[in-house]
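Engineer: Let me begin by handing over the structure; questions about it come next.
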Amino acid sequence: MPTYHVENFGCRATQADGAALERQFETRGLARASAAQADLVVINSCTVTNSADQDARAAIRRVQRQNPLAKIIVTGCYAQRAPHEIAALPGVACVIGNSHKHQLVELVLSNIVPLTNSFPVGNSQRNCELDPDNPVRTDGNRRTFLPLSTLTENRELRTENCLEARLFVSDIFAHTELLAAPVFELASQSANRGSPNGDAAGSHQSDRTRPNLKVQDGCDNRCSFCVIPSVRGHSRSLPLPQIVREVNTLVTAGYREVVISGINLGRWGRDLVWGGPDLSDSPRPPRAAPNDGAQRFEDLLRIILSETKLEKLRISSVEPMDWTRDLIALIASSPRIAKHAHVPLQSGSDAVLRRMHRKYRPWHYREKIEKIRAAMPAAAIGADVMAGFPGETDAEFDATRSLIEDLPFTYLHVFTYSARPGTPAAALPDQVPVHIARERNKILRDLAAEKKLAFMRSFIGKSVEAITLNIARSSPGGEFTEALTDNYQKLYLKGRHEPNRWITSHIKEVEDGVLVGSGPSTIPKENLRLSDQICAGSSGSGSRTGASGFSGGFGGSLIGGGEGSAGARRP
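27 is the number that our numbering gives to position 23 of the sequence shown; each next residue is one higher, with no gaps.
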């Protein structure tokens, strides 16, 4: 049986794309294998920083060295941005941009690995083979995406190192597809994180925890430092009925929490209209916002609460301008929504924000954070911050540091600016020397560490809610099970405990940046459920005063740091 391996780099959106590709490969009868053994190896790349590009190239070289007979297919954001550059690398058989990532499996099986009559594809033989000059499947069904003849196939770049490489890339802004499949945190991934050979081949369903579902892709913002819109296209939303089906499937499979994420998550639904084909089967929830016919992110949350029995819903990064009064009130009032706000800041300087083409000012941002903290006193509040943006003066950096000091952040993701080809910021004058940018990065990370430690220590002597993970740790003091609190702090529990269970734990101490708690007691499901009355509206702004809340996609133990633009999406 032919085998495949998908290796993902970058944000949760990329991982969600990879999960969808894995689902398609398996539907067509391929088996999962390690990168060192698979017949097909897909490198699903990121390009948000120069380091991300380097990681992808290193992975290609490693796969060719370890598995020289493998067909290496490169897709993702780096493939969309620089296909010729990737095609020139030894061992690359095919480069497929984000513009046609949704066709990747069919393209590969039809063009890179020709099928035989004995090789099953789905439930029939060769039923999805494509004719490059005909926008109709050979099984007679018309495709809903662009025909292959519109793909940009490079026929000129045929160097000694890429005689066989084929390129399939076209205009990303003509792309309307959205790949979506749940991404699972695996115990084996956590144990092997950082190891190039660590993969989940053959892992059992019981090893999976914390599914993450991408519900939005693309971005219509034009931040001057960010390459994401040019490689992921316009903002587009997963239809509501499909989201509800995916969440209900996960609940039926036994998962107690789901994280929803996106490239610009707060813009979900702006491209959908109530009563349209994507919403014909969806009840319309009441809302506090004006009735303009379009969907809003708050509508999505209410429908998930009312149409599923999900115990805990977590949201990832939401831009400052999308933290409406209605959204804050809804999250604060619902025990089924985690109390964690990740609100990208980038800079506390008005002048820098203007050069970044950000759509808010520092005083707007301050107001949003203060409202979130007032509504949710125990919530985790985090931000992305960039150090060393072009032209950043000492005074402008001090404005950022001062704003961070004043606001109740519990963690930060700090990035050193990384110039991306083709972005307006890359052409700005007065590029900040790297050594200065890194010094500023360290100052902000040290400040974030102080705030994080103070936040964690505030829970000593208190009881918190947490979900257990299938990860055990050994120490001189014995064996511990890792868990995540409802406001997304890492927690160690004494002994081994069954994964995927909501528990309460009494916090004894903070050790090496981790909460250490006593033996757990299980939380009844009804305590995590929200009544239909609360689901229907959210005019109040009250919140529980305990340690509640958390949003998926961001490690509460993370301070952030490293190279790269804060445009990096970590949903």
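For glycine and all other residues, C-beta sits at the position ideal for the given N, C-alpha and C.
Out of curiosity, what's the CA-to-CA distance linking Gln246 and Ala399?
Structural biologist: 49 Å
Engineer: Helix, strand or coil for Thr404? Go by DSSP, reduced to three states.
Structural biologist: helix
Engineer: If contact is defined by three or more beta carbon pairs under 8 Å, each pair taking one atom from either stretch, is the segment 65-81 in contact with the segment 94-114?
Structural biologist: Enough Cβ pairs lie closer than 8 Å, so yes.
Engineer: Rounded to the nearest angstrom, what separates Gly270 and Cys50 at their Cα positions?
Structural biologist: 22 Å
Engineer: When the Cα atoms are used, what is the spatial distance from Pro433 to Pro394?
Structural biologist: Rounded to whole angstroms, Pro433 to Pro394 spans 7 Å at the Cα level.
Engineer: Hey, Ala487 and His510: beta-carbon distance below 9 Å or not?
Structural biologist: Cβ distance not < 9 Å, so Ala487 and His510 don't count as in contact.
Engineer: Who are Gly222's beta bridge partners in DSSP?
Structural biologist: Partner(s): none; Gly222 has no beta bridge.
Engineer: Tell me, please, whether the segment 442-451 touches the segment 367-377 by the rule of three or more beta-carbon pairs shorter than 8 Å.
Structural biologist: These segments do not touch.
Engineer: So does the segment 45-59 actually touch the segment 6-15, counting three or more Cβ pairs closer than 8 Å?
Structural biologist: yes
Engineer: When the Cα atoms are used, what is the spatial distance from Met5 to Val45?
Structural biologist: 15 Å
Engineer: Which same chain residues end up closer than 6 Å to Trp327 when comparing Cβ atoms and leaving out the 5 residues on each side of it in sequence?
Structural biologist: Lys372
Engineer: DSSP three-state label for Leu473, please.
Structural biologist: strand
Engineer: Looking only at DSSP bridge pairs, what is Leu2 linked to?
Structural biologist: Because the chain in this structure spans residues 5 to 575, residue 2 falls outside the shown range and cannot be described.
Engineer: Give the secondary structure of Phe13 by DSSP, where H, G and I count as helix, E and B as strand, and everything else as coil.
Structural biologist: coil
Engineer: Do Phe177 and Ala23 have their CB atoms nearer than 9 Å?
Structural biologist: In this structure, Phe177 keeps its C-beta atom at 9 Å or more from the C-beta atom of Ala23.
Engineer: With DSSP run on the structure shown, which of helix, strand or coil describes Asn491?
Structural biologist: DSSP, reduced to helix, strand and coil, places Asn491 outside both helices and strands of the structure shown, so it counts as coil.
Engineer: Answer yes or no: do Val173 and Ile100 have a C-beta to C-beta separation smaller than 9 Å?
Structural biologist: yes
Engineer: Starting from the Cα of Asp175, find the closest Cα among Cys81, Val262 and Ala257 and give me that residue.
Structural biologist: Taking only the C-alpha atoms, the option nearest Asp175 is Cys81.
Engineer: Please tell me whether Ala336 and Lys343 are closer than 9 Å, where the distance is taken between their beta carbons.
Structural biologist: yes
Engineer: Tell whether a beta-carbon distance below 9 Å holds between Thr420 and Met390.
Structural biologist: yes
Engineer: Using only alpha-carbon positions, find the residue among Asp410, Thr312, Val235 and His238 that is nearest to Glu250.
Structural biologist: Thr312
Engineer: Assign Ala570 to one of two classes, buried (16 or more other C-beta atoms within 10 Å of its C-beta) or exposed (fewer than that).
Structural biologist: Here Ala570 scores only 40 on pLDDT, less than 50, and its place in the model is too uncertain to base an answer on.
Engineer: What does DSSP give as the partner residue(s) for Arg240 in the beta ladder?
Structural biologist: DSSP, once it has assigned bridges, lists Asp221 as partnering Arg240.
Engineer: Would you tell me roughly how many angstroms separate the C-alpha atoms of Lys363 and Arg477, rounded to the nearest one?
Structural biologist: 44 Å
Engineer: Along the beta strand (DSSP E) that carries Asn48, what are the first and last residues, could you check?
Structural biologist: Leu44 to Ser49
Engineer: Given Tyr8, which residues of its chain have a CB within under 6 Å of its CB, disregarding the five upstream and five downstream residues?
Structural biologist: Phe29, Leu34, Ala42 and Leu44
Engineer: Just to confirm, are Ile408 and Ala387 a CB contact at a threshold of 9 Å?
Structural biologist: yes
Engineer: Report the CB separation of Leu473 from Val514 in whole angstroms; it is logged as a contact under 8 Å.
Structural biologist: Their Cβ separation, rounded to whole angstroms, is 19 Å, which puts Leu473 and Val514 out of contact at 8 Å.
Engineer: For Val347, count neighbouring C-beta atoms within 10 Å of its own C-beta (all shown protein chains included) and say buried if the count is 16 or more, exposed if not.
Structural biologist: buried
Engineer: How would you call Thr31, buried or exposed, if buried means at least 16 neighbouring beta carbons within 10 angstroms?
Structural biologist: exposed
Engineer: To the nearest angstrom, report how far apart Ile440 and Gln70 are at their CA atoms.
Structural biologist: Inter-residue distance for Ile440 and Gln70 is about 39 Å (C-alpha atoms, whole angstroms).
Engineer: With Met460 as the anchor, note down where its alpha helix (DSSP H) starts and where it stops.
Structural biologist: Where Met460 is concerned, the enclosing alpha helix (DSSP H) stretches over Val438 to Arg461.
Engineer: Does DSSP put Arg306 in a helix, in a strand, or in coil?
Structural biologist: Here Arg306 carries a helix assignment [DSSP, helix/strand/coil].
Engineer: Are Leu217 and Lys105 closer than 9 Å when you measure CB to CB?
Structural biologist: no
Engineer: Thinking C-alpha only, which one of Gln19, Val468, Gly499 and Thr397 is nearest Glu483?
Structural biologist: Considering only alpha carbons, the answer is Gly499.
Engineer: Please report the straight-line C-alpha distance between Thr253 and Leu309, rounded to a whole angstrom.
Structural biologist: 15 Å
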